[in-house]
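All remarks here apply to the structure that follows.
In the numbering used here, the protein residues as written are 8 to 362.
The following block contains the structure:
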């Protein structure tokens, strides 16, 4: 199976025939749940900058000294959903994940609550209610915290995150047009992400620990947002970037086969998330994916940007799913018809939080 690829200009110019075919092949019932976008302006330069910052963070964040160096960007009060975290997540139940370190930030706004309060369309909502909502949901609303030890991190991450959000809005519009044209299903997928200030970037450093019988850097899961922008990873060894042919990202197909995928370093990819799967009642499908360890002594730098609805956005579809992999947290354990995205988000964060 191949990854579907289209050009950035196809998205901008809304070449309907090309986009309808590509959307179905990528996100439809036979697709891999991923699409690659070529020729995105400035992407290659921004990728290099931000992934080099991931490598710096990973080195600073090694266990036993990260609390001294990165203490100013560790946020337990947000359930480690902003700033630096290590060993605070579990993809295999009961086993804290120490194989990677993560840095979370909103690339669109430094403080989601204050940005929402300043929007014209929220001017009639009582400020006290919004502040209480933010206080009650810290994993969703916690403001960005960047480390003093990495002064180039914030501009690198926000520049790349904003570019990914821009392209992701175009992908969401293509998904919306596909649902309308092919299935007469009218869902505002574009505005759901384009009008939302809730965007979360996750910069990742995968450590070069010995495999010790564990072949996976990251276990099987689905992303719970609308779309996930994926920057092609960078491998490093002995402090230098290296090239590897072996893929590290694996996707589980509809028939349960695990396939390794990769794409050129100058191309941006998007995976479909569970939120768009729910809203389209399964017309568009998210796929389970995992990260496999590659060469010994090699680190992996990566960036995922999660495009998501606002907290109060209602997930009204009465959707049920069939889970292909027993290691993926069942959607029915985290989603109930009529819940808001914020409630779905909180349930998902709790499901993956290390106890």
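Ideal Cβ positions, reconstructed from N, Cα and C, are used throughout, including at glycine.
Thinking residue i and residue j are a contact (beta carbons under 8 Å), I'd like their distance in whole angstroms, please.
| i | j | result |
| --- | --- | --- |
| residue 115 | residue 169 | 7 Å |
| residue 10 | residue 277 | About 11 Å separates the two Cβ atoms, so there is no contact after all. |
| residue 86 | residue 166 | Wrong, their Cβ atoms sit about 27 Å apart, outside the cutoff. |
| residue 280 | residue 233 | 5 Å |
| residue 176 | residue 201 | 4 Å |
| residue 216 | residue 251 | With a Cβ gap of about 17 Å, residue 216 and residue 251 do not count as contacting. |
| residue 356 | residue 88 | 6 Å |
Could you spell out the range, first to last residue, of the beta strand (DSSP E) harbouring residue i?
| i | result |
| --- | --- |
| residue 247 | 247 to 249 |
| residue 198 | Unbroken run through residue 198 is the alpha helix (DSSP H), 196 to 201; no beta strand (DSSP E). |
| residue 238 | 234 to 244 |
| residue 297 | 296 to 299 |
| residue 124 | That residue, residue 124, is in no beta strand (DSSP E); its alpha helix (DSSP H) goes 119 to 124. |
| residue 258 | 256 to 259 |
| residue 341 | It is not in any beta strand (DSSP E) - residue 341 carries neither H nor E in the DSSP assignment. |
| residue 81 | Segment: none, residue 81 is in no beta strand (DSSP E) and carries neither H nor E. |
| residue 111 | 107 to 112 |
So the alpha helix (DSSP H) residue i belongs to, where does it begin and stop?
| i | result |
| --- | --- |
| residue 53 | 50 to 67 |
| residue 353 | 348 to 359 |
| residue 145 | 145 to 148 |
| residue 265 | It is not in any alpha helix (DSSP H) - residue 265 instead sits in the beta strand (DSSP E) that spans 265 to 268. |
| residue 283 | 281 to 286 |
Any idea what DSSP makes of residue i, helix, strand or coil?
| i | result |
| --- | --- |
| residue 161 | helix |
| residue 34 | helix |
| residue 313 | strand |
| residue 214 | coil |
| residue 229 | coil |
| residue 321 | strand |
| residue 133 | coil |
| residue 12 | strand |
| residue 275 | strand |
| residue 178 | helix |
| residue 25 | helix |
| residue 189 | helix |
| residue 336 | coil |
| residue 156 | coil |
| residue 90 | strand |
| residue 95 | coil |
By the 10 Å Cβ neighbour count, where 16 or more other Cβ atoms means buried, how is residue i classified, buried or exposed?
| i | result |
| --- | --- |
| residue 316 | buried |
| residue 189 | exposed |
| residue 19 | exposed |
| residue 255 | buried |
| residue 73 | The predicted model places residue 73 with a pLDDT of 48, which falls under 50 and marks its position as unreliable, so this point remains unresolved. |
| residue 82 | buried |
| residue 71 | Residue placement at residue 71 is poorly supported in this model, since its pLDDT is 48, which falls under 50; the coordinates are not used for a value here. |
With distances taken Cα to Cα, identify the nearest neighbour of residue i among the options.
| i | options | result |
| --- | --- | --- |
| residue 210 | 58, 27 and 20 | 58 |
| residue 14 | 34, 32, 300 and 174 | 174 |
| residue 34 | 78, 186 and 106 | 186 |
| residue 229 | 245, 113, 283 and 160 | 283 |
| residue 155 | 134, 221, 63 and 36 | 63 |
| residue 339 | 249, 231 and 262 | 231 |
| residue 56 | 346, 222, 248 and 31 | 248 |
| residue 36 | 359, 293 and 346 | 293 |
Closest Cβ-Cβ distance between residue i and chain B: below 8 Å?
| i | result |
| --- | --- |
| residue 217 | Protein chains in the displayed structure number just one, and chain B is not present. |
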